[in-house]
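I have placed the structure first, in the form of structure tokens, so that the comments after it can refer back to it.
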Amino acid sequence: MKIIITLLMVSFYSLLSFGQKKELYVNDNFDHISKAEFNKKYSESLYYNLRIKSDSSYLNVKVSRSKKGRIELKILFSIKNIFYNNKSEEFSEKNLFLINYYPGKDNCSTNGYKLNFKTKHNQYRNKFEKVENLKQLFIYKTNRGLRGFGNEMDWQPDINNLIESTFFPIHYPCGGFVVIDNKGNYISGRGEYCYWEGLLNGIKTFANNGYK
Numbered sequence: 259m260k261i262i263i264t265l266l267m268v269s270f271y272s273l274l275s276f277g278q279k280k281e282l283y284v285n286d287n288f289d290h291i292s293k294a295e296f297n298k299k300y301s302e303s304l305y306y307n308l309r310i311k312s313d314s315s316y317l318n319v320k321v322s323r324s325k326k327g328r329i330e331l332k333i334l335f336s337i338k339n340i341f342y343n344n345k346s347e348e349f350s351e352k353n354l355f356l357i358n359y360y361p362g363k364d365n366c367s368t369n370g371y372k373l374n375f376k377t378k379h380n381q382y383r384n385k386f387e388k389v390e391n392l393k394q395l396f397i398y399k400t401n402r403g404l405r406g407f408g409n410e411m412d413w414q415p416d417i418n419n420l421i422e423s424t425f426f427p428i429h430y431p432c433g434g435f436v437v438i439d440n441k442g443n444y445i446s447g448r449g450e451y452c453y454w455e456g457l458l459n460g461i462k463t464f465a466n467n468g469y470k
């Protein structure tokens with residue numbers, strides 16, 4: 259996905275040589291869209307806009323807050339092997355994997371945000387632990403600002419940037435989550451993420467109905 263973004267920017271720079279405006283607009287799949295489509299109003303519960311600066315240019319991304327899809331089983335195997343390697347974990351076909359992802363400190367991840375996340379985690383922790391076959395991970399890209407979440411969560415570094423490159427190709431503010439089943443089907447939330455009951459209900463629905 260990073261290669262796609264790089265190619266987009268290269269294409270954009272070629273446009274600059276012809277005097278075009280220093281703005282590029284893309285949708286959630288990094289396909290080119292018009293400025294009008296980018297500015298089109300949608301429910302804030304479904305979409306939000308990101309503006310990424312690169313030198314003197316800007317990449318404007320219309321982000322879908324949720325995404326679903328399927329990863330290759332070899333990627334799921336790598337996730338199991340890398341992040342559960344020292345946990346003596348046993349896996350079954352009924353397993354669900356919840357990955358809480360923190361991309362690093364940004365304007366969204368204030369002390370207030372982290373305190374709220376910590377409070378919600380303490381509030382719902384037992385309920386998440388009671389979800390049958392759920393295996394949970396807390397993964398960070400960089401530990402800058404991580405201290406504010408407290409000591410109750412077992413944070414691990416994103417080794418080889420596996421989680422970032424697979425699910426979070428750009429920096430979504432305040433991180434996100436991914437839920438994966440044992441066939442590689444997944445649902446994810448990107449940006450302004452917090453541990454909450456809605457996620458708990460979403461996991462249960464996903465477990466019963468899959469991602470379709």
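What the sequence shown shows, in the numbering used here, is residues 259 to 470, in sequence order.
Cβ coordinates follow ideal geometry from the N, Cα and C atoms, glycine included.
These figures come from a predicted structure and were not determined experimentally.
CA-CA distance, residue i and residue j?
i      : j      : result
Asn466 : Leu392 : 13 Å
Ile461 : Tyr306 : 23 Å
Asp416 : Gly408 : 19 Å
Lys372 : Gly406 : 6 Å
Val436 : Ala294 : 31 Å
Pro361 : Phe425 : 12 Å
Lys280 : Gly370 : 35 Å
Phe288 : Gly327 : 16 Å
Asp439 : Ile329 : 10 Å
Lys299 : Asn374 : 29 Å
Val389 : Gly456 : 14 Å
Ser315 : His429 : 17 Å
Ser385 : Leu458 : It should be noted that the sequence gives Lys, not Ser, for residue 385. Each residue's Cα considered, the two are about 8 Å apart.
Which of the three DSSP states, helix, strand or coil, is assigned to residue i?
i      : result
Ile438 : strand
His379 : helix
Arg323 : coil
Asn374 : helix
Ser275 : Interpretation of Ser275 is limited by its pLDDT of 47, a score under 50 that renders its predicted location unreliable; the figure taken from the coordinates is listed afterwards. It is coil, neither helix nor strand.
Ile461 : helix
Asn467 : helix
Lys385 : helix
Ile428 : coil
Cys452 : coil
Ser423 : helix
Asn365 : coil
Asn287 : coil
Asn358 : strand
Asn418 : helix
Just to confirm the assignment, what range does the beta strand (DSSP E) spanning residue i have?
i      : result
Gly447 : 443-448
Leu282 : 281-284
Asn401 : Unbroken run through Asn401: none, as it is neither H nor E.
Since I believe residue j is in contact with residue i (beta carbons under 8 Å), could you give me their beta-carbon distance rounded to a whole number of angstroms?
i      : j      : result
Lys325 : Ser446 : 5 Å
Tyr453 : Gly434 : Between Gly434 and Tyr453 the Cβ distance is about 12 Å, and since that is not below 8 Å, they are no contact.
Arg323 : Leu308 : Wrong, their Cβ atoms sit about 11 Å apart, outside the cutoff.
Asn358 : Pro431 : Incorrect: roughly 15 Å between the Cβ atoms, too far for contact.
Just to confirm, is the Cβ distance from residue i to residue j under 8 Å?
i      : j      : result
Val321 : Gly449 : yes
Leu282 : Ser336 : no
Gln414 : Phe396 : yes
Starting from residue i and walking both ways along the alpha helix (DSSP H), at which residues does that stretch end?
i      : result
Lys311 : Careful: Lys311 lies outside any alpha helix (DSSP H), inside the beta strand (DSSP E) at 305-312.
Lys393 : Segment 392-398 is the beta strand (DSSP E) holding Lys393; no alpha helix (DSSP H) there.
Phe341 : 331-341
Asn297 : 293-297
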